[in-house]
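Enquirer:
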Amino acid sequence: MSEPLLQAKDLCVHFGGGRTMTGRRKQPFAALKGIDFEINAGEAFAIVGESGAGKSTAARCVIGLQRPTRGELLFAGEPLPFRRDRVQRQAIQMVFQDPYSSLSPRMTIGTALDELLRVNKICDSRAAARKRSVELLEMVGMPESALDRRPRAFSGGQRQRIGIARALALEPTLLVADEPVSALDVSIQASVLALLKGLQRELGLSMLFISHDLAVVRQLCDRVAVMWDGEIIETGPVEEVLSNPRQEFTKNLLAASTDLPPLEMVVDPAAPAAPAEPTAPAGRADPPEPTAPADPTAERS
């Protein structure tokens with residue numbers, strides 16, 4: 637049997653601790669309590685749980701944004717330290733929950749991708765970076781004209797597509813997706829999930845998918861781990877866990893999951909996964925709100 641791409645062993649993260657102003661010792665909060673999991677090459681692995689269960693903390697450890705208090709991460713059999721070299725950083729990329737806050741509002745999409753590609757030495761010229769940027773946008777179903785616009789000109793689903801393109805720019809082996817569709821409408825969720833699944837199959841990516849919704853996990857992932865209070869309480873193939881959950885908490889999660897329409901998996905990632913979403917007017921992210929009259933009695937006259 638081949639070696640797992642990523643292994644987490646006895647992963648612990650504690651926050652707080654130390655002493656109060658009076659010298660009394662404070663009890664640290666344990667966000668992760670010694671969890672173990674592994675992700676195989678080409679596999680989509682999900683971590684699910686309620687808010688505060690520790691699933692996003694586990695994702696931040698994998699991507700290198702959170703230093704574990706204890707435990708070990710192995711990538712392709714080699715130790716994965718908190719401080720990583722360029723190759724290790726490029727191999728694991730992240731799709732964030734809120735694409736708008738993860739994109740610079742001052743940069744056009746083209747400028748952001750150009751900087752990313754040239755700083756990391758994927759492209760050695762502006763022309764090559766522009767060509768690669770167009771290819772990345774085509775992979776996620778966005779037009780070339782998007783390169784000359786800023787994030788505020790796009791809808792939430794379009795911004796998330798751009799976030800996926802940016803994550804793919806460094807040609808990662810493992811993609812970490814932290815609640816990538818939780819802020820989107822259900823109809824848009826389906827198209828973004830179909831895009832992710834199609835890209836994973838086409839590019840041979842491994843994926844760590846963080847979610848609280850088992851209906852989403854059922855359609856996208858191969859295996860799942862259920863977290864509660866910083867611990868993994870149940871794990872296995874998705875259909876096995878969801879068809880015959882052993883833990884009461886898993887049953888409650890399953891009962892609370894959304895009714896998501898079936899995904900039409902994208903075979904060719906260059907093709908748009910869904911019809912174009914409505915675009916916000918240039919220079920404004922949301923339509924203006926109606927203003928109240930200056931005189932409150934004006935409404936009654």
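Numbering (the numbering used here), first residue to last: 637 to 937.
Note that CB positions come from ideal geometry on N, CA and C, so glycine has one too.
Note that the structure is predicted; figures quoted are calculated from it, not measured.
1) In chain order, what residues of the same chain have a beta carbon less than 6 Å from the beta carbon of I671, not counting five sequence neighbours either side?
2) Using 8 Å as the threshold, is the region 738-748 in touch with the region 828-839, meaning 3 or more CB pairs across them?
3) Give the DSSP-derived three-state secondary structure of M863 in the structure shown.
4) Is the region 724-735 in contact with the region 649-664, if contact means three or more CB pairs nearer than 8 Å?
5) Please state whether the Cβ-Cβ distance between A682 and V860 is less than 8 Å.
6) According to DSSP, is L642 helix, strand or coil?
7) Decide yes or no for the touch test of the region 685-701 against the region 762-782: beta carbon pairs closer than 8 Å, at least 3 of them.
8) Taking a contact to mean a Cβ-Cβ separation below 8 Å, would you say L835 touches V828 in this structure?
9) Can you list, in chain order, the stretches of the alpha helix (DSSP H) that have 4 or more residues and sit fully within the region 672-715?
10) For L752, I'd like the list of residues in its chain whose CB is within less than 6 Å of its CB, leaving aside the five on either flank, ordered along the chain.
11) The beta strand (DSSP E) spanning D721 covers which residue range?
12) Cα separation between Q726 and K887?
13) For the candidate residues G685, M657, A689, whose alpha-carbon lies nearest to that of K669?
14) Quick one: is E815 buried, meaning 16 or more other Cβ sit within 10 Å of its Cβ, or exposed?
15) Measure the C-alpha to C-alpha separation of I800 and R786 and round it to an integer number of angstroms.
16) Tell me, to the nearest whole angstrom, how far the beta carbon of V684 is from that of V812; I am working on the premise that it is less than 8 Å.
17) Does P741 come out as helix, strand or coil in the three-state DSSP assignment?
18) Within 10 angstroms of the Cβ of D750, are there 16 or more other Cβ atoms? Answer buried if so, exposed if not.
19) Hey, how far is the Cα of G654 from the Cα of P704?
20) For I868, which three-state DSSP category applies?
21) Tell me which residue opens and which closes the beta strand (DSSP E) that F845 is part of.
22) Could you check what DSSP says for G670 in three-state terms: helix, strand or coil?
23) Taking Cβ to Cβ, would you say A677 is nearer than 8 Å to L641?
24) Could you tell me which residues DSSP pairs with A813 in its beta bridges?
25) Hey, K833 and L810: beta-carbon distance below 8 Å or not?
26) Could you work out which residue in A680, Q643, G793, A826 is closest to P717 when comparing CA atoms only?
27) What's the C-alpha gap between T871 and E884?
28) Which class does R661 belong to by DSSP, given the choice of helix, strand or coil?
29) Leaving out the 5 sequence neighbours to the left and right, which residues in its chain are closer than 6 Å to R706 when beta-carbon positions are compared?
30) Starting from G793, follow the alpha helix (DSSP H) in both directions and report where the run begins and ends.
31) Following the continuous alpha helix (DSSP H) through N888, name the residue where it begins and the one where it ends.
Expert: If we stick to the structure as given:
1) L647, I868
2) no
3) strand
4) no
5) Yes; because the gap between Cβ atoms is below 8 Å, this pair is in contact.
6) It is a strand residue.
7) no
8) no
9) 691-699, all fully within the region 672-715.
10) Counting only residues of its own chain and dropping the five nearest sequence neighbours on each side, L752 has a CB closer than 6 Å to the CB of A805.
11) For D721, no beta strand (DSSP E) encloses it, and the DSSP letter there is neither H nor E.
12) 37 Å
13) A689
14) The residue in question, E815, is buried, as its Cβ has 16 or more Cβ neighbours within 10 Å.
15) Roughly 16 Å separates the two Cα atoms.
16) Between V812 and V684 the Cβ distance is about 15 Å, and since that is not below 8 Å, they are no contact.
17) coil
18) In the assembly as shown, D750 is a buried residue. Its beta-carbon has 16 or more other beta-carbons within 10 Å.
19) G654 and P704: Cα-Cα distance of roughly 17 Å.
20) strand
21) Where F845 is concerned, the enclosing beta strand (DSSP E) stretches over 842-847.
22) In the displayed model, G670 falls within a strand according to three-state DSSP.
23) The answer is yes: Cβ separation under 8 Å.
24) Paired residue(s): V731, F845.
25) no
26) Q643
27) 14 Å
28) Strand at R661.
29) C648
30) 792-804 is the extent of the alpha helix (DSSP H) around G793.
31) 884-891
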